[in-house]
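Notes to accompany the following structure.
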């Protein structure tokens, strides 16, 4: 689990909100990290008889922990940043939809998301 958080922290600047949801991006990092561990020579042969889903859970813990950690960090943002992050990344709204829903320009949504990501990087 620590490896996953380290990779998220190290690569948060590569996250592009226009390409997808933050939660799915972090889950992809978690999945790839588990595959790296399975492929590594450090992986114990004693786990070969376990179902892959059990191995994945063992290596990563519950993916809800990742989401919980992200939500906990997001809760520390300013209200306007928390709102757009929650609706875009956790609720799945597209930026254009969110602008319409909140009655604000698309540029404002994008600015708030950029500012929120910058603040999250500092918190991590």
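Residue numbers (the numbering used here): 8 to 131.
Don't be surprised by glycine CBs; every beta carbon is placed ideally from N, CA and C.
Only a predicted model underlies this, so the values are computations on that prediction, with no experimental measurement involved.
Nearest neighbour of residue 38 by Cα position, chosen from 15, 113 and 20, turns out to be 15. The C-beta distance from residue 100 to residue 89 rounds to 14 Å, too long to meet the 8 Å contact threshold.
DSSP places residue 119 in the uninterrupted alpha helix (DSSP H) bounded by 113-130. Burial is judged here by how many other beta carbons sit within 10 angstroms of a residue's own beta carbon; residue 112 has fewer than 16 and is exposed. Within its own chain, the residues whose Cβ lies closer than 7 Å to the Cβ of residue 130, once the five positions on either side in sequence are excluded, are 80 and 83, listed in chain order. Taking 8 Å as the upper bound for CB-CB distance, residue 96 and residue 29 are in contact here, some 4 Å apart. Of the other Cβ atoms in all chains shown, 16 or more fall within 10 Å of the Cβ of residue 124; this residue is therefore buried. Our two residues, residue 106 and residue 127, have alpha carbons roughly 21 Å apart in a direct line.
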